[in-house]
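*Asks:* One structure coming up, written as structure tokens, with questions to follow.
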Amino acid sequence: MCPSGTSLRREMAPNSQFRQAFDVLDTDRDGKISREDLRRFYGDGVDEDVIGTMISVADQNKNGYVEYDEFERVLDCNMKKKKNSGKIGVLEDAFRVMDRDGDGKVSVEDLKFYMKWAGFSASDEDIRAMIRLGGGDLNDGVSFDSFLKILAIDREE
């Protein structure tokens with residue numbers, strides 16, 4: 000069920016387009032997104048009410064966590080709602096977190112810092128390969144659209 004109250008389609012495939020985004024938010028890798036995971040992802044400046052709202056919007060079974068199927072339902076619904084405006088909500092937030100200098104691009108250094116901060120093991124060559132995969136320049140970085148390519152997510156336009 001979407002937050003708007005409308006039902007969504009079928010059961011969702013376990014390796015769908017949102018898995019990588021879920022794994023980024025699931026910082027302790029326990030298979031569910033908790034308040035603590037969101038605090039770690041967004042940093043100390045995020046308001047507790049905002050975190051609570053994020054959890055409650057997605058937490059369909061009301062257990063206090065967001066499991067993958069709940070996460071996918073909300074994002075899928077969000078993408079459909081925003082299809083005409085070209086926005087992809089939470090992924091834009093993730094991009095902004097990674098774009099430390101706010102220049103609209105995630106550079107090699109931005110991505111390297113984020114990967115280390117998030118606890119992901121990635122060599123310098125892995126980071127450069129991700130930037131290249133997104134079609135980015137190693138000196139300039141990747142834009143949001145290129146970031147979506149790194150995550151293998153197509154905009155539905």
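Residue numbers (numbering that gives the first Met the number 0): 0 to 156.
Just so it is clear, CB atoms sit at the ideal spot from N, CA and C, and this is done for glycine as well.
DSSP on Asp125, reduced to helix/strand/coil?
*Replies:* If DSSP states are grouped into helix, strand and coil, Asp125 belongs with the helices.
*Asks:* Just to confirm, are Tyr64 and Lys111 a CB contact at a threshold of 8 Å?
*Replies:* Contact: no.
*Asks:* Please classify Met31: does DSSP put it in a helix, a strand, or coil?
*Replies:* Here residue 31 is Lys; the residue named in the question, Met, does not match the sequence. Of the three classes helix, strand and coil, the one that applies to Lys31 here is strand, per DSSP.
*Asks:* Using the beta-carbon count (16 or more within 10 Å), is Ser106 buried or exposed?
*Replies:* Burial call: buried.
*Asks:* So, at 7 Å on beta carbons, what are the nonlocal neighbours of Thr5 in its own chain, with the 5 sequence-adjacent residues on each side left out?
*Replies:* A caution first: Thr5 carries a pLDDT of 38, below 50, which makes its placement in the model too unreliable to give a value.
*Asks:* Can you list, in chain order, the residues of its chain with a C-beta nearer than 6 Å to that of Leu74? Leave out the 5 residues immediately preceding and following it.
*Replies:* Contacts found: Phe17.
*Asks:* Are there 16 or more other CB atoms within 10 angstroms of the CB of Leu175, so buried, or fewer, so exposed?
*Replies:* Residue coverage of the chain in this structure runs from 0 to 156, which leaves residue 175 outside it and unanswerable.
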